[in-house]
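Peer 1: I'd like to ask you about the structure that follows.
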Amino acid sequence: GSLPQPVSITFTALSHLHLERNEIELAQQYLDRVAEVDPNPVSTNIPVLVSILRAKIQVSEGQADEARATMQAIRNLHIQKPSGVWSDDDLLANECLICIRCGDFEAAKSMLPDGEKEFEHCLLQLVQAKLLMHQGNFESARKILNSLLMKNPLAMVTEPIMVIRVALAVCL
Numbered sequence: 294g295s296l297p298q299p300v301s302i303t304f305t306a307l308s309h310l311h312l313e314r315n316e317i318e319l320a321q322q323y324l325d326r327v328a329e330v331d332p333n334p335v336s337t338n339i340p341v342l343v344s345i346l347r348a349k350i351q352v353s354e355g356q357a358d359e360a361r362a363t364m365q366a367i368r369n370l371h372i373q374k375p376s377g378v379w380s381d382d383d384l385l386a387n388e389c390l391i392c393i394r395c396g397d398f399e400a401a402k403s404m405l406p407d408g409e410k411e412f413e414h415c416l417l418q419l420v421q422a423k424l425l426m427h428q429g430n431f432e433s434a435r436k437i438l439n440s441l442l443m444k445n446p447l448a449m450v451t452e453p454i455m456v457i458r459v460a461l462a463v464c465l
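Residue 427 in the working numbering is what sits at position 134 of the sequence shown, and the numbering runs on without skipping anything.
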């Protein structure tokens, strides 16, 4: 039988869970199920989430170019039809994080808005901290990450708190 469309939310959560556990095949299977139960979503919330998860899976499989293309495609769609959950900064930060995961620190840095010393957006702050770590500026990165933990003690809106804690552990 067919499942109701809201099950797509559960499938994306299961995909994210398996991705965090490095169970890539299961993460991909749950992500594929999203399109089966919700082939024509009424908003762009789920397609954005699916694209971010797909890009993360692609990076974990060594498909850096595909991951960047996935993020650029969803950012272009988001310009035409913005979602209610994701902001432009969320998508920009996620694309920057994809670049960082692929080791392309210059691409990540070049995407950031010029002239902004400190970002208000938490994911952009995470990007900034990771770029500082790459440059060897661990003290500045540590300050940003500690500030993020103070502002977001349980989780960020779109990412689990472990993303900050792992970056801080690496920084220290």
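Where is the CB? At the ideal position from N, CA and C, for every residue including glycine.
Output the residue ranges of the alpha helix (DSSP H) runs that lie fully inside the region 340-387 and measure 4 residues or longer, sorted by chain position.
Peer 2: Counting whole runs of 4 or more residues, the region 340-387 contains the alpha helix (DSSP H) stretches 357-373.
Peer 1: Would you kindly check if the distance between the Cβ of Ala328 and the Cβ of Leu346 is under 9 Å?
Peer 2: Against a cut-off of 9 Å, the Cβ pair of Ala328 and Leu346 comes out as no contact.
Peer 1: With a threshold of 7 Å on Cβ separation, who are the neighbours of Arg326 within its own chain once the five nearest residues in sequence on each side are excluded?
Peer 2: Phe304, listed in sequence order.
Peer 1: Does the pairing of the region 368-388 with the region 416-436 give three or more beta-carbon distances under 8 Å?
Peer 2: Result yes; three or more Cβ-Cβ pairs closer than 8 Å.
Peer 1: If you draw a straight line from the C-alpha of Asp407 to the C-alpha of Ser295, how long is it?
Peer 2: For Asp407 and Ser295, the distance between alpha carbons rounds to 48 Å.
Peer 1: Unbroken alpha helix (DSSP H) runs of length 4 or more, entirely within the region 392-446: which are they?
Peer 2: Here the runs fully enclosed are 398-404, 415-427 and 431-444.
Peer 1: To the nearest angstrom, how far is the alpha carbon of Val352 from that of Pro297?
Peer 2: Cα to Cα, Val352 sits roughly 30 Å from Pro297.
Peer 1: When DSSP labels each residue in this structure, what does Arg326 get in the three-state scheme?
Peer 2: Here Arg326 sits in helix by DSSP.
Peer 1: Does the structure place the region 363-370 close enough to the region 334-350 that three or more beta carbon pairs sit under 8 Å?
Peer 2: Yes, the region 334-350 touches the region 363-370.
Peer 1: If you draw a straight line from the C-alpha of Asp331 to the C-alpha of Leu465, how long is it?
Peer 2: Rounded to the nearest angstrom, the two C-alpha atoms are 43 Å apart.
Peer 1: What does the alpha-carbon distance come out to for the pair Ile317 and His309?
Peer 2: Between Ile317 and His309, the C-alpha separation is close to 10 Å.
Peer 1: Looking only at its chain, what residues have a beta carbon closer than 8 Å to the beta carbon of Ile457, apart from the 5 residues adjacent to it on each side?
Peer 2: For Ile457, where only same-chain residues beyond five positions count, the Cβ hits under 8 Å are Leu419, Leu438, Leu441, Leu442, Asn445 and Met449.
Peer 1: Grouping DSSP H, G and I as helix and E and B as strand, with all else coil, what is Thr337?
Peer 2: Residue state, collapsed to three classes: coil.
Peer 1: Any idea what DSSP makes of Glu313, helix, strand or coil?
Peer 2: Three-state result, Glu313: helix.
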